[in-house]
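In the numbering used here, the protein residues as written are 1 to 351.
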């Protein structure tokens with residue numbers, strides 16, 4: 001008929017974008033883009049345009065400019081965003097630290113309740129959509145903390161606006177995201193997963209925009225962090241990879257219980273590309289069992305285990321994209337990033 005194919009049952013789509021990233025014919029494309037709106041705002045300068053790059057984008061963007069897989073482009077990414085016309089680069093890593101603390105406190109509260117259900121991470125919007133659509137009975141297990149990206153937007157329009165001497169309405173918050181699910185949630189303005197976000201550009205579109213402006217990311221000087229929301233801990237960047245959110249949460253919980261951040265143990269068993277991982281750790285006097293699910297196709301198996309014994313785990317991390325945000329559906333189409341986990345060359349976990 002000449003018309004594009006459409007989903008036969010749209011509610012079943014969690015918006016991860018993996019179909020777009022892996023279609024061998026390139027037949028899948030996005031049906032909504034903020035690119036024109038963002039360019040218009042950058043040119044008009046009606047508001048302060050604030051770029052909010054997600055943790056994983058700095059590790060994948062370089063591949064689109066011929067840099068080796070896993071190249072850390074944090075400083076160059078900031079430079080490129082400022083050259084494009086953004087007034088500030090307020091890092092989602094900053095908000096990821098806040099999210100880890102918030103979810104860590106939730107975990108500690110649940111540990112005080114005998115037989116309490118597990119805490120599910122809420123940092124992956126694709127997983128949140130899956131849970132709300134197919135397992136609404138498990139919604140109480142979801143963390144109340146919004147994803148770091150939404151938290152960053154809220155901070156940008158409160159503390160950021162105050163520091164910049166303007167109002168929340170003067171801030172145009174643009175998320176640089178690793179997946180399509182963030183776009184899906186941003187379109188639902190009532191969603192807590194996207195409150196405050198005005199526009200979303202995925203990493204692939206940002207790479208196109210940078211090239212279109214004649215900027216060579218590999219050869220521009222690095223820009224230091226913004227003094228408002230530019231600093232973060234090593235735990236924040238772990239949100240990029242499978243097991244990273246769980247490890248950041250456990251790091252905080254362990255530090256709170258021990259009172260000594262230097263004595264926090266390693267959580268190595270949660271790292272890696274396995275479909276499902278689980279391990280037990282001693283936090284104070286309590287044994288905590290945590291699990292990590294890597295890829296949406298493994299969600300049913302994990303949820304079946306949980307339904308069979310609601311006290312089996314105390315913390316479960318879910319990521320819809322195999323390989324986590326580093327392999328999100330909005331990243332540059334460069335599959336070499338997955339090899340970093342296989343050959344031990346990942347720069348993410350030594351942080």
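Virtual Cβ for every residue (Gly too), placed ideally from N, Cα, C.
Distances from the CA of residue 301 to each of 276, 282, 325, 323 were compared; the closest alpha carbon is that of 276.
Residue 52 counts as buried, since no fewer than 16 other beta carbons sit within 10 angstroms of its beta carbon. Burial check for residue 19: the Cβ neighbour count within 10 Å stays below 16, so the residue is exposed.
Minimum Cα-Cα distance from residue 90 among the listed residues 103, 273, 321, 197 corresponds to 197.
Pairing residue 120 with residue 141 gives a Cβ-Cβ distance under 7 Å. Annotation for residue 94: no beta strand (DSSP E) segment contains it, though the alpha helix (DSSP H) segment containing it runs 92-111. The Cβ atoms of residue 157 and residue 171 sit closer than 7 Å to each other. Here residue 270 is actually not in contact with residue 135; their C-beta atoms are around 23 Å apart, not less than 8 Å.
For residue 281, the enclosing beta strand (DSSP E) stretches over residues 276-283. Under the 8 Å Cβ criterion, the segment 21-36 does not count as touching the segment 61-75, having fewer than three qualifying pairs. As summarised for the segment 16-70, the continuous beta strand (DSSP E) elements at least 3 residues long and confined to that stretch are 48-53, given in chain order. Per DSSP, the continuous beta strand (DSSP E) segment holding residue 286 begins and ends at 286-294.
Listed as beta-bridge partners of residue 199 by DSSP are 174. Excluding the 5 residues flanking it on each side, residue 176 has same chain C-beta neighbours closer than 7 Å at 51, 52, 53, 54, 57, 201, 203, 206, in chain order. Contact between residue 290 and residue 313 is confirmed by a C-beta separation of about 6 Å, below the 8 Å threshold. Taking C-beta atoms under 8 Å as the contact rule, residue 239 and residue 245 qualify, at a distance of about 5 Å.
Distance from the CA of residue 82 to the CA of residue 188, rounded to the nearest whole angstrom, comes to 28 Å.
Across the structure, residue 167 and residue 311 are spaced so that their CA atoms are roughly 45 Å apart.
Judged by DSSP secondary structure, residue 316 falls within the beta strand (DSSP E) whose first and last residues are 315-319. For the pair residue 151 and residue 26, the Cα-to-Cα distance works out to about 33 Å. Taking a cut-off of 8 Å for Cβ pairs, the segment 318-336 and the segment 112-130 touch, as three or more such pairs fall below it.
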